[in-house]
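There are 2 protein chains.
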Amino acid sequence: MSQEGVGVDLETSLGYLLKEASSALRVAMEEVLRPLGMSVTHYSCLELLAQRPGLSNSELARGAFVTRQTMNVLLQTLERDGYVTRPAEAPVGKALPARLTPRGRRSLEKASAAVRSVEAGMLAGLTGTEQSEAFRILRSMIHSLRGADEGA
Amino acid sequence: MSQEGVGVDLETSLGYLLKEASSALRVAMEEVLRPLGMSVTHYSCLELLAQRPGLSNSELARGAFVTRQTMNVLLQTLERDGYVTRPAEAPVGKALPARLTPRGRRSLEKASAAVRSVEAGMLAGLTGTEQSEAFRILRSMIHSLRGADEGA
DNA sequence: CAAGCTATGTCAGAATGCTGACATGAGTCA
DNA sequence: TGACTCATGTCAGCATTCTGACATAGCTTG
Chain A
1 MSQEGVGVDL ETSLGYLLKE ASSALRVAME EVLRPLGMSV THYSCLELLA QRPGLSNSEL
61 ARGAFVTRQT MNVLLQTLER DGYVTRPAEA PVGKALPARL TPRGRRSLEK ASAAVRSVEA
121 GMLAGLTGTE QSEAFRILRS MIHSLRGADE GA
Chain B
1 MSQEGVGVDL ETSLGYLLKE ASSALRVAME EVLRPLGMSV THYSCLELLA QRPGLSNSEL
61 ARGAFVTRQT MNVLLQTLER DGYVTRPAEA PVGKALPARL TPRGRRSLEK ASAAVRSVEA
121 GMLAGLTGTE QSEAFRILRS MIHSLRGADE GA
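As given, the protein sequences belong to chains A and B, one line each in that order.
The numbering of the first sequence is the UniProt record's numbering, which starts it at 1 and goes up by one.
The numbering of the second sequence is the UniProt record's numbering, which starts it at 1 and goes up by one.
Structure representation (structure tokens):
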């Protein structure tokens with residue numbers, strides 16, 4: 001029963017809508033980053049390092065929502081191409097603090113501007129109040145999703 | 001200037017928060033789907049077919065936010081394993097309408113329940129009003145992101 | 001009717017990300 | 001001190017997804 005014209009609760013699912021929004025954001029970011037020869041993860045890594053110099057590979061991975069193995073591969077490429085530097089030896093423990101080179105900083109500038117304009121566009125139709133609401137609501141969702149199994 | 005403890009507007013970026021929420025949702029979904037031997041895209045495809053029987057490969061791809069090539073690979077696997085069926089010849093045009101088999105429907109049942117519980121958990125801390133707000137806001141974001149270059 | 005445009009299905013190769021595994025450095029605790 | 005636990009960096013192999021390309025079906029337009 002219920003075949004064709006049914007309610008189709010994909011249309012009312014906040015999970016689906018969240019995925020849709022995230023997908024749209026990713027597509028829009030890829031679109032502006034492609035001309036700069038940069039992927040979203042690539043950009044995320046540089047932006048993280050710009051705002052928090054000295055992050056380790058594992059910390060960058062968590063910040064960019066990828067595994068540390070994935071970030072490691074990316075970091076090696078970025079290091080080889082002269083966008084970031086890491087000391088040969090860890091000052092403490094095993095964690096190697098990464099930093100942007102001048103070249104990395106330069107490369108990030110255009111990308112950062114492009115991404116900010118994408119984000120600004122995304123928020124164009126929203127009032128400041130709505131943006132605050134969105135912030136609060138998304139935070140709550142994240143908290144609920146993570147707390148479910150970490151707390152148990 | 002401004003090195004360590006700076007504002008770090010990743011903390012205030014709605015784009016970053018959106019990515020974080022989406023990542024948390026994906027992780028939570030993978031977690032409950034893994035025991036069922038199902039990936040998120042796998043599940044998405046079955047759920048789409050359950051709610052809208054007869055969708056074509058390209059339509060499924062758009063609904064699951066992947067390319068039609070990716071969905072084609074998945075569909076071939078699902079067809080081989082007896083979860084979906086497609087006619088040998090297209091009734092019209094080239095589009096092959098796909099449908100769930102009884103086995104596919106059975107397999108989807110547990111997965112659907114699991115995913116719904118994840119979504120319910122995600123919304124646990126939110127009032128009905130907040131959920132409506134979230135819905136409206138996400139819709140606006142999607143509209144703004146897509147309209148930017150499709151309208152130009 | 002013919003040409004052009006768009007959408008579709010599909011194959012092939014490349015890029016990207018993940019899981020598994022191992023070794024190392026640091027903190028904890030008996 | 002020695003064993004245990006945890007986090008880290010890294011290598012290797014695999015899975016997933018993407019881009020590029022091609023042929024075909026249907027519509028549109030002159």
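Glycine included, each C-beta is placed from N, C-alpha and C at the ideal position.
Predicted, not measured: the structure shown is a model, and the values here were computed from it.
Using the three-state DSSP reduction, which class does ARG52 (chain A) fall into: helix, strand or coil? coil
Best match in B:LEU48, B:ALA24, B:ALA28, B:ALA21 for proximity to THR104 (chain B) [C-alpha to C-alpha]: In the sequence as displayed, the identity of residue 104 (chain B) is Gly instead of Thr. Ranking B:LEU48, B:ALA24, B:ALA28, B:ALA21 by Cα distance to GLY104 (chain B) puts B:LEU48 first.
Are at least three pairs of beta-carbons, each pair with one atom in the region 113-120 of chain B and one in the region 30-38 of chain B, less than 8 Å apart? yes
Output, in chain order, the set of chain B residues within a Cβ distance shorter than 8 Å of HIS42 (chain A). The premise fails here: HIS42 (chain A) is roughly 14 Å from chain B at the closest Cβ pair, so nothing lies under 8 Å.
Collapsed DSSP secondary structure at THR101 (chain A) in the structure displayed: coil
Continuous alpha helix (DSSP H) stretch holding GLU30 (chain A): start and end: 14-33
Supposed contact pair ALA134 (chain B) and LEU14 (chain A) - C-beta distance, whole angstroms, cut 8 Å: 6 Å
Since GLN131 (chain B) meets chain A, which of its residues come closer than 9 Å, beta carbon to beta carbon? LEU14, ILE137
Can you pull the chain A neighbours of SER22 (chain B), defined as C-beta to C-beta under 7 Å? LEU18, LYS19, SER22
Have a look at B:PRO53, B:SER144, B:ASP81 and flag the residue whose alpha-carbon is nearest the alpha-carbon of VAL118 (chain A). B:SER144
Hey, does LEU33 (chain A) have any beta-carbon neighbour from chain B nearer than 7 Å? no
Nearest-angstrom Cα separation, counted from GLU31 (chain B) out to HIS42 (chain A): 26 Å
Name the chain B residues whose beta carbon is nearer than 8 Å to that of MET122 (chain A)? LEU14, GLY15, MET141, SER144, LEU145
Alpha carbon to alpha carbon, how far is GLN51 (chain A) from GLY147 (chain B)? 30 Å
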